[in-house]
Each structure stands twice: as C-alpha cells, then as structure tokens.
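One structure below.
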Amino acid sequence: MTRTSTPNASLRDAIDRSFVERLAQDCAFAAKSEMMFSGDELAPHWKSFFEQSLRAHHGLRSGVEAADSPESVESFRARLLELNATVQRRVADNGITYNVYSDASSQARPWSLDLLPMIVPQHEWQSIERGVLQRVHLLNDVLNDVYGAQTLVKRGLLPTAIVKAHPRYLRPAHGIAPPGGTHLHITGFDLARGADGTWWIISQRTDAPSGLGYLLENRMIVSRLFPDAFRELRIERVLEAYKGLMSSLASHSKVSSPHIVLLTPGPFNETYFEHVYLARYLGLTLAEGGDLVVRNERVWLKTIKGLSPVDVILRRLDDDFLDPLELRSDSALGIPGLIQAYRAGNVVLANAPGSAWLESSAVLAFLPRIADALYGEAMSLPSIATWWCGEQSAMQSMLPALESLVIKPTYSDRARRFVPVTGHSLSERERKQWVARIARKPENFVAQAYLPLSRTPTFDTGGSGSVLGSRAAMLRVYAISDGVGQWRVLPGGLARVAPPGKEIVSMYRGGSSADVWAVTGRVREDRAPLSSMLTPIRTHQSGIGITSRAAENLFWLGRYTERLDNSTRLARITLEALAS
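Numbering of the sequence shown is given in our numbering, commencing with residue 605 and proceeding in unit increments.
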C-alpha cells in the first residue's frame, strides 16, 4: 500500500524530526516529559501547538508548501529566539519583579518567564479539576470543624498535637463562624506528575496563596505570542474566574455594594508587584496596615476625605500578623482590633484567619481517612505518600526507608527557614544524625515519598543560539470561591520550573515560571481579542479617594522636588556668576 502524504502530515513529520531529536537528549531521565506521548513521538497537543505556530510563522492558512523544509524549520527556530527576546523585553517593560529577602545585592529580581507554556490535555485537566474541587470542600469543612466543635480531634481523625501545638493554629479565631461558612476564598495546590502520568498533590496553600497576579501576566504575554495555537487548542480564558471571585467576595458581605480592600504587607514583600497588579486589575483599593483603623468594631480606610468603611479585606498578609492585639504582638503590619471586628461580623476576611494551619505537610497524612469519615469516599486526586513521625507506627516504618524520603517540618518556622531534606542526598553519617534528631522529637517532622518531577518543555538560550530542552516543573492550580459554599477551579495555573540541571523547584534558587494552558473543552465560540484580558474588572469603588498615607507621600514628593528645582536654579546662577 502506498502511503499518501497530506500537508498536515508532512508538517507534523517535520515538527517531529526537528524538535524531538534535541528533546530526546535532554529527557534521558526516569521522569516523564510533558511533551512526549510515547517514545520519541510528540504528544498530540504539542504537535498542534507547533503546527499552528509554524503556520503563523509562514503566514499559511491552507497547505504547507514550504513549511516542512529544513530551511523553514531553521527560520522558525530563529523566530522562536526572537519571541523569547520579546518575552524578556515585556517582563522588563512591565516592571514584573520578585523580591528575594536573602539577596543582599538586590531585593527586586526581574520575574523569569519561559517562552513555551505547559499544556495540560483535557482528560488530565478534568481529573485535576474534579480532585481539586473535592479537596477544597474537604479543607473548608476541616477548618469549620477545628475552629468549631472539633469532632475530628475527638474522634481521633486528627491528632491533637498537629492542631493545638501548631503555631499557626490561631486560638482567638476559635468559635468565629465566617460568613457563609467559607474559610477559603483562594486556595493553591502544588501538583507534580509522576513517571506514570499520575498527578500528585505535594502541598496546599491556604493562607494567602501567591501567584494569581503573575499568572495573569504570564497569560497575557505568552498567549499574544502564539494566538493561533491558543485558539486552535481551545484554551479557556481565565477572566471569568477573576470576575467570579469578585462576585463571591461581594456575596459574602452584608452590604449590597461592599468596599473591598487588598491588604498588602508593603513594598518589601517578595510578591509586592503582584499585590499592586491585582489591585489595579480587580479595581480594588490597595492598602497597608497603617491605612486601616478599627472604630467601634468596624474597619475604616483613612483617606483624604475622611474615614471610608471597609466591608471585605482580600489579604496578602500572613494571618498571624493581622492583629497585634490578639495575635502576634510584634506585628507592625496589622490592624489593632481587626479580629474583634471580624468576630462581630462587620468585615469579611479572605482567607479567614487561622487557615494557614492547613499548610502543614502533616495534615496530608490524615486527609484520606477524614474524607472517608465525612463523605464516605476516597480522594480522587491523591496526595503524595506522607507520614507524620508523631505516630509511633509511622516513624518506625519510615526510618529504615529514609533514603527514599523527603524530610519536612510539621510546624512552620520562619526564623530558620527549614529547607526540606532529601534522604538520597545525605551521607551515611548525615542520615544517622537525622534518624537521631527525628527520634528525639518525632512530632516535629514529616516524611514524604520522593517523587522525581516530570519535565516541561522550555526554550533556553545558550552560547550557540536557541535550544529546545526540558526542565523539572511543578504545577500550581487555584480553587476560587464562586459564591457561598461553592468553588471553581481557575482554568490554568502557574508552572514553576527548576533551574537548568536542577531537580528542586524554587523561585528563591533561580527558578523560572511558565504559563499553563488547560484544555478544558468548555471554550465558547467567540472571537473576542486576547487584548480584552487587559481591561481591568470594573467595580463600584470609584470615588473612594486616595489614602492619607499616599497623599502625604505625594505631598512630600512635591515639596522635595520643588526644593531640588530651586537648588538647581540657584546652583546654575552661582556657576554663571563665577564663570563671568
């Protein structure tokens, strides 16, 4: 039988020949590459991505007369190099930064964004979405219980030490019922893909999860560079999720048109760019702790027009810093009396104070049995195997296998910044030291199975030009409140990519990010331009006015600018007089 070659088949063969050869060299690991389907074959969604990108490069809408020639592919590689430079230029032009506290040379680093997105096919995304929705309902129910009747502790489903000994379990929040019973308005889940293609939850972010602003910027930059591929793959846009979040926050308030404030720790926070960006995009008032004051159990914003009532606070401040009266007394970032205003039901806090306790890795070990007890069902999206060493049986079973595990802290420890330790990286002597350390205070440690991360395609630039490669990556997805007792999964996410040659994903250690394209199958047939995402979400908060702090800063900026101008004029007159 003679095989008939079609233009599409010819183009796809060219894509395979050109890109897989390089990719195969970089994927000689046990971990699974996100781009590969089987062996040396590109996954269908990646074939479609490169096919549409090649078509756009050559201006083709039908036929591929020259698109599969070697010269064409090389010119496309050069085009990718140009697009990569465009990404870096737009990051710089937009002033996207990520602050690093430990960097003595410079606090603000430019945000790192890869040219190629991480594409999650439809069947995988549906599984992730279903599992995340189940899990966020469970976590919210757990919070309602531990800050209420505490039946989970009484029934032995949660150890008392994990709850009441945890420094992020806030006793002043016990007995406070949040509006609608919603503790979690924004929840982040860090996922990793195993060698068999299974997605595992590694950790959960329930305090003030970051990334929603960076996610938006990543999407706006990358989707504009590959608009045809974005439409062909039918990628769902994220705008509706952000609109749903704003509607949900408003629905939890007692007033019809609430004043919503985004509370930031200030410009020295690592993700301050994101706070400013989200406030502008969502149409919110950006405020620091000093901009807010509590009077008669109500929260007010200090403006040049006087005090303006605040009904909802979307906080980017860690919950134990919120109120120096009832929480951390050394906090200079919070608002005295805020917890009492929250207790009185006069302000909505998103997320609710006390939700950070769920970020403990130890909690993951007990969620399956809690889900079975509460719902009679298993977790559809599994957590990575986790053992809390405070259980004698768990400690005895994990210590002999320490070499294949990762050691993490049970309780948060900001001062020492406990870095997770991989057992296989320890020497025999170091391993014995860790065994003794765990045996002394087993309740302080958690062990998790070591999972080699899958690798997402990246476009790197080296001394010889453009290189298509792959790096270890983790996926962060977000569950966003969608009304009282309801959530939706934001269609996409934030991929965090390890530095070249490394297997640990960390923005602190020079990691990068990538846009996440989720093939959801729910895309409406519309031709709205991608630039429509740039339009900020409109709210009813216009006319509130500028904060007193910002007005004062602007006043003194003007005064010192005027003084500088006068000094410059005087210096010029003096120099002219001396010269004559």
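Beta carbons are placed, not taken as given, at the ideal position from N, Cα and C, and that holds for glycine. All values derive from a computational prediction rather than experimental measurement.
Original post:
Should residue 1001 be counted as a contact of the ligand ADP given a C-beta to heavy atom distance under 7 Å?
Top reply: This structure lacks the ligand ADP; in fact it carries no ligand of any kind.
**OP:** Return the chain-ordered list of same chain residues with a C-beta closer than 6 Å to the C-beta of residue 1025, the five sequence neighbours on each side being excluded.
**Re:** 1011
Original post:
In or out: residue 996 buried (at least 16 other Cβ within 10 Å) or exposed?
Top reply: exposed
**OP:** Between the Cα of residue 754 and those of 778, 1126 and 771, spot the shortest distance and give me the residue it belongs to.
**Re:** 778
Original post:
Between residue 632 and the rest of its own chain, which residues show a CB-CB distance below 6 Å, the 5 nearest in sequence each way excluded?
Top reply: Confidence in residue 632 is poor, its pLDDT being 39 and thus under 50, which makes the residue's placement unreliable; the coordinate value appears in the next sentence. Taken in chain order, the list of residues that qualify is empty.
Subject >> Residues of its chain near residue 942, where Cβ-Cβ distance is below 7 Å and the 5 sequence neighbours each way are ignored >> reply: 898, 903, 926 and 927
Original post:
Based on the DSSP secondary-structure assignment, which residues constitute the bridge partners of residue 714?
Top reply: 701
Subject >> Option nearest residue 1050 by Cα separation, candidates 1091, 966 and 1008 >> reply: 966
Subject >> Assigned secondary structure, residue 869 (DSSP; H/G/I helix, E/B strand, else coil) >> reply: coil
Original post:
residue 1041 to residue 1047, Cα distance in whole Å?
Top reply: 11 Å
Subject >> Span of the alpha helix (DSSP H), counted from its first residue to its last, around residue 854 >> reply: 843 to 855
Original post:
Where does residue 669 fall in DSSP's three states?
Top reply: Residue confidence is low: residue 669 scores 43 on pLDDT, short of 50, so the model does not pin down where it sits. Its coordinate-derived value is still stated next. The answer is coil: DSSP assigns residue 669 none of H, G, I, E or B.
**OP:** Express the C-alpha separation of residue 980 and residue 973 in angstroms, rounding to a whole number.
**Re:** 9 Å
Subject >> N- and C-terminal bounds of the alpha helix (DSSP H) containing residue 1152 >> reply: 1152 to 1183
Subject >> Continuous beta strand (DSSP E) stretch holding residue 916: start and end >> reply: 916 to 919
Original post:
Which same chain residues, not among the five before or five after residue 857, have their C-beta less than 6 Å away from its C-beta?
Top reply: 915, 916 and 952
Original post:
How about the stretch 734 to 754 and the stretch 946 to 960: do they share at least three Cβ pairs that are nearer than 8 Å?
Top reply: yes
Original post:
By Cβ distance, which residues of its chain are closer than 7 Å to residue 1052, with the 5 residues on each side in sequence left out?
Top reply: 965, 988, 989, 990, 1009, 1010 and 1012
Original post:
Which parts of the stretch 755 to 822 are runs of the alpha helix (DSSP H), unbroken and 4 residues or longer, counting only runs that do not cross its ends?
Top reply: 755 to 758 and 764 to 768
**OP:** Name the residue from 681, 1057, 834 and 788 whose alpha carbon lies nearest to the alpha carbon of residue 802.
**Re:** 1057
Subject >> DSSP three-state assignment for residue 631, whether helix, strand or coil >> reply: Residue confidence for residue 631 is low, a pLDDT of 42 falling below 50, so the modelled location carries little weight; the figure read from the coordinates is stated next. In this structure, residue 631 counts as coil in the three-state DSSP scheme.
Original post:
What span of residues does the beta strand (DSSP E) with residue 891 cover, start to end?
Top reply: 889 to 891
Original post:
Helix, strand or coil: how does DSSP classify residue 1027 here?
Top reply: helix
**OP:** Check the DSSP bridge columns for residue 1061 and list the partner residues they point to.
**Re:** 1074
Subject >> Bridge-paired residues (DSSP) for residue 551 >> reply: Residue 551 lies beyond the stretch modelled for the chain, which goes from 605 to 1184, so this question has no answer here.
Original post:
Would residue 983 pass as a contact of residue 730 if the rule is Cβ separation under 8 Å?
Top reply: no
Subject >> Same chain, Cβ closer than 8 Å to residue 892, five either side skipped, listed in chain order >> reply: 867, 868, 869, 870, 937 and 1153
Original post:
Looking only at its own chain, which residues have a Cβ that is under 6 Å from the Cβ of residue 653, when we skip the five neighbours before and after it?
Top reply: 833
**OP:** With distances taken Cα to Cα, identify the nearest neighbour of residue 906 among 1174, 728, 1107 and 1151.
**Re:** 1151
Subject >> Residues that residue 912 bridges to, as DSSP identifies them >> reply: 905
**OP:** Report the rounded CA-to-CA distance for residue 1015 versus residue 1045, giving the unit in angstroms.
**Re:** 12 Å
Original post:
Got a sec, what are the start and stop residues for the alpha helix (DSSP H) residue 749 sits in?
Top reply: 726 to 750
**OP:** In the DSSP assignment, find the alpha helix (DSSP H) that holds residue 1108 and state where it starts and stops.
**Re:** From DSSP, residue 1108 is part of no alpha helix (DSSP H); its letter is neither H nor E.
Original post:
Is residue 924 near residue 918, with beta carbons less than 8 Å apart?
Top reply: no
**OP:** Give me the Cα-Cα distance between residue 823 and residue 1120, rounded to the nearest whole angstrom.
**Re:** 8 Å
Subject >> residue 1096 versus 1105, 1083, 1178 and 848, residue with shortest Cα-Cα distance >> reply: 1083
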